[in-house]
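J.: One structure, as structure tokens, below. Some questions next.
Shown next, in the form of structure tokens:
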């Protein structure tokens, strides 16, 4: 049977963009596809290799996090926040703790603030290291760059396990501080890992930054215009790659970030290459923050004396706590009616909102570029679907 | 020159490859079932019930207060309180759990039961090879299976267990000092402040 006798059922023949004969092809990429970083689907309409329409479809990992949290006590939601962005559970804990602390007016001791910054920036390091590894994997560099990144990530995860008891599901922050103090020798080990990290970054830059294939695949690909990024509410490295100077660590100065001087790397073109480089540069700044925090950390209590584990009831009111997570602005919005569980619990996930401009970035590019562009957005489906 | 960046990258992989023969830092792979990494003291996986002494039924610290059942976020703990009392390790009559089940498939090892327990009766284990082919009883652990001795706790989390033991001894001493009949012309009991 020749190909021409096959009936085209759902494909409408249309002239292609350049006027030649042909028809559009609808491809469903995902939900089980190695490039989608989880269970995520893209309905792509193709004209040859070129994307003419793209619809992100998500919700496969929906587990009703927000509604479950309204049935739980405030503390009971803390382990569930680990499962939002499971690469950086410390960041989720921090944002949630920040929102509850605002709601209940709890002070955090100075040492706990330092611990939060140390664990948070370590998390940022491992998240960005992973992300650039995955991005290379998406481009077809199967193995080597990802494994180098994972090797470094594992050292940080070991540190987190020694401190919190779990590699990824840390469940570490509490309202008014942190759960446990550093075990003996932890800080020295963390200092060692941090001091060795720039060597990995240098290596990684030598490995890839000048690579001709990488440049051909990323420069000018997936350009996100500055105005669109701002209007769509994009945050994090995605926004900064477009050249918008917006880092919540600088804007809000939550915690004690005002004591640290660090630079915010900014991109110029807003393409995939800029997003990649922004992450590398951000890691260098994080190393600086970590080194200063580990030097300056005072001794003292790690929990507010008035903080309660059981029977916690904040007074009625509402609060929004936000932090600069590695993926963007992570916010928790809580309304309390004075009962032990929140009346309303809402998460503002950076991954989901950064995904909304996916079509605008992909139009006109090839299918293979879609994979790379999606990789550069840095999504975690646990957070997108909640 | 075109291709220079590629060659630089290749040099880096060569450095890593050759370096893996001399530097442990570059060769981190552990051949898991044969080799194992050193256990990390703080790691936690699944809770167990602590008992004192040699007999798990006699020495179980749990007094069936139902706090952990209530606070457990995924509600994986099921307790039935006893109707009678029996003496605990110190000889004081206490309620005990007639049934204490934890569903392994639901538990997410978040440690909140440990944090809320006022009696240091439930602690986190480090065992992680818990898979089974029996998806009914094999995943619902009863109190016999959950019970582990205080010595075991001391072995897996030495620092934490030492602190808990000291805290318990201090608590008992305080309790004894309080329950003593007031001696004639009593001196103020030192160390007890209300």
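Protein chains in written order, with my numbering: chain G, 1 to 386; chain B, 1001 to 1194.
Beta carbons are placed, not taken as given, at the ideal position from N, Cα and C, and that holds for glycine.
What does the alpha-carbon distance come out to for the pair residue 1106 (chain B) and residue 102 (chain G)?
T.: Working through the second chain from its first residue, we reach residue 1106 (chain B) at position 106. Working through the first chain from its first residue, we reach residue 102 (chain G) at position 102. Each residue's Cα considered, the two are about 32 Å apart.
J.: Mind reading off the beta-carbon distance from residue 31 (chain G) to residue 41 (chain G)? Whole number of angstroms is fine, and I expect it under 8 Å.
T.: Position 31 of the first chain holds residue 31 (chain G). Position 41 of the first chain holds residue 41 (chain G). Contact flag correct, Cβ pair sits at about 5 Å.
J.: Check whether the Cβ of residue 1105 (chain B) lies closer than 7 Å to any Cβ atom in chain G.
T.: Position 105 of the second chain holds residue 1105 (chain B). Not one chain G Cβ lies under 7 Å of residue 1105 (chain B).
J.: Quick test of the definition: if touching needs 3 or more C-beta pairs under 8 Å, does the region 1097-1113 of chain B touch the region 1074-1082 of chain B?
T.: yes
J.: Measuring CB to CB, does residue 277 (chain G) end up less than 7 Å from residue 128 (chain G)?
T.: If you number the first chain from 1, residue 277 (chain G) lands on position 277. If you number the first chain from 1, residue 128 (chain G) lands on position 128. No, Cβ-Cβ distance for residue 277 (chain G) and residue 128 (chain G) is not below 7 Å.
J.: Under a CB-based cut-off of 7 Å, is residue 1043 (chain B) close to chain A?
T.: Absent here is chain A; the protein component of the structure consists of chains G and B.
J.: Establish whether the CB of residue 1007 (chain B) and some CB of chain G are separated by less than 7 Å.
T.: As a first step, residue 1007 (chain B) must be located in the second chain, where it is residue number 7. Residue 1007 (chain B) does not count as touching chain G.
J.: Apart from the five residues on each side of it in sequence, which residues of its chain come closer than 6 Å, Cβ to Cβ, to residue 289 (chain G)?
T.: Locating residue 289 (chain G) in the first chain gives position 289, counting from the first residue. So the list reads 121, 260, 262, once near-sequence residues are dropped.
J.: Can you give me the start and stop residues for the alpha helix (DSSP H) that residue 198 (chain G) sits inside?
T.: Within the first chain, numbered from 1, the residue matching residue 198 (chain G) stands at position 198. 186-204 is the span of the alpha helix (DSSP H), which, as asked, contains residue 198 (chain G).
J.: On the CB-based measure, 16 or more other CB atoms within 10 Å of its CB, does residue 1021 (chain B) come out buried or exposed?
T.: Locating residue 1021 (chain B) in the second chain gives position 21, where the first residue counts as 1. Residue 1021 (chain B) comes out exposed.
J.: Out of G:319, G:294, G:203, G:298, state which residue places its alpha-carbon closest to the alpha-carbon of residue 337 (chain G).
T.: Locating residue 337 (chain G) in the first chain gives position 337, where the first residue counts as 1. The residue with the shortest Cα to Cα distance from residue 337 (chain G) is G:319.
J.: According to DSSP, simplified to helix, strand and coil, what is residue 88 (chain G)?
T.: As a first step, residue 88 (chain G) must be located in the first chain, where it is residue number 88. In the displayed model, residue 88 (chain G) falls within coil according to three-state DSSP, outside both helix and strand.
J.: Taking C-beta to C-beta, are residue 90 (chain G) and residue 170 (chain G) nearer than 7 Å?
T.: Position 90 of the first chain, counted from the start, is the residue given in the question as residue 90 (chain G). Position 170 of the first chain, counted from the start, is the residue given in the question as residue 170 (chain G). Yes, they are a contact pair.
J.: Out of B:1097, B:1110, B:1139, which one is the CA nearest neighbour of residue 1066 (chain B)?
T.: The sequence position of residue 1066 (chain B) within the second chain is 66, counting from 1. The shortest Cα separation from residue 1066 (chain B) among B:1097, B:1110, B:1139 belongs to B:1097.
J.: With DSSP as the reference, please indicate the residues paired to residue 42 (chain G) in a beta bridge.
T.: Counting from 1 along the first chain, the entry for residue 42 (chain G) is found at position 42. Bridge pairing for residue 42 (chain G): G:29, G:56 [DSSP].
J.: Should residue 350 (chain G) and residue 329 (chain G) be called a contact, given that it needs their Cβ atoms to be closer than 7 Å?
T.: If you number the first chain from 1, residue 350 (chain G) lands on position 350. If you number the first chain from 1, residue 329 (chain G) lands on position 329. Yes, the pair counts as a contact, with Cβ atoms nearer than the cut-off.
J.: In three-state terms, what does DSSP make of residue 366 (chain G)?
T.: If you number the first chain from 1, residue 366 (chain G) lands on position 366. The answer is strand: DSSP assigns residue 366 (chain G) an E or B state.
J.: Which residues in the same chain have their Cβ closer than 6 Å to the Cβ of residue 1 (chain G), if we skip the five residues on either side of it in sequence?
T.: Your numbering for residue 1 (chain G) matches position 1 in the first chain. At residue 1 (chain G), the pLDDT of 37 sits below 50, so the modelled position is not reliable; the number obtained from the coordinates is stated separately. So the list is empty, once near-sequence residues are dropped.
J.: Spell out whether any CB of chain G is found under 7 Å from the CB atom of residue 1073 (chain B).
T.: Stepping through the second chain from its first residue, residue 1073 (chain B) is reached at position 73. Yes - at least one Cβ of chain G is within 7 Å of the one on residue 1073 (chain B).
J.: Of the residues B:1035, B:1048, B:1062, which one's Cα is nearest the Cα of residue 1094 (chain B)?
T.: For the purposes of this step, residue 1094 (chain B) is identified with residue 94 of the second chain, where counting begins at 1. Closest option to residue 1094 (chain B), judged by alpha-carbon separation, among B:1035, B:1048, B:1062: B:1062.
J.: Please decide whether residue 1040 (chain B) counts as near chain G, where near means a Cβ-Cβ distance under 7 Å.
T.: Here the question's residue 1040 (chain B) lines up with position 40 in the second chain. With 7 Å as the cut-off, residue 1040 (chain B) counts as an interface residue toward chain G.
J.: Determine the closest residue to residue 384 (chain G) out of G:222, G:62, G:54, with distance taken between C-alpha atoms.
T.: Residue numbering aside, residue 384 (chain G) sits at position 384 when the first chain is read from its first letter. When each option's Cα is compared against that of residue 384 (chain G), the closest is G:62.
J.: Note down, in chain order, every chain B residue with its Cβ under 7 Å from the Cβ of residue 162 (chain G).
T.: As a working mapping, residue 162 (chain G) is identified with position 162 in the first chain. Neighbours of residue 162 (chain G) on chain B, chain order: 1040, 1042.
J.: Would DSSP call residue 7 (chain G) helix, strand or coil?
T.: Stepping through the first chain from its first residue, residue 7 (chain G) is reached at position 7. Any reading at residue 7 (chain G) needs caution, since the residue's pLDDT is 43, under 50, leaving its predicted position unreliable; the model's value is listed next. Residue 7 (chain G) falls in the coil class under three-state DSSP.
J.: Hey, how far is the Cα of residue 1177 (chain B) from the Cα of residue 1146 (chain B)?
T.: Looking up residue 1177 (chain B) in the second chain gives position 177. Looking up residue 1146 (chain B) in the second chain gives position 146. Whole-angstrom Cα-Cα distance: 33 Å.
J.: So, helix, strand or coil for residue 1165 (chain B), using DSSP?
T.: Residue mapping note: residue 1165 (chain B) aligns to position 165 of the second chain, counting from 1. Correct three-state label for residue 1165 (chain B): helix.
J.: Indicate whether at least one CB of chain G lies closer than 7 Å to the CB of residue 1065 (chain B).
T.: The residue given as residue 1065 (chain B) occupies position 65 in the second chain. No, no contact with chain G.
J.: Buried or exposed: which applies to residue 1002 (chain B), given that a residue is buried once 16 or more other Cβ atoms fall within 10 Å of its Cβ?
T.: Residue 1002 (chain B) sits at position 2 when you count from the first residue of the second chain. That one is exposed.
J.: Considering only residues of the same chain and omitting the five flanking positions on each side of residue 333 (chain G), which have a CB-CB separation below 6 Å?
T.: In the first chain, counting from the first residue as 1, residue 333 (chain G) sits at position 333. Excluding positions up to five away in sequence, the list reads 320, 346.
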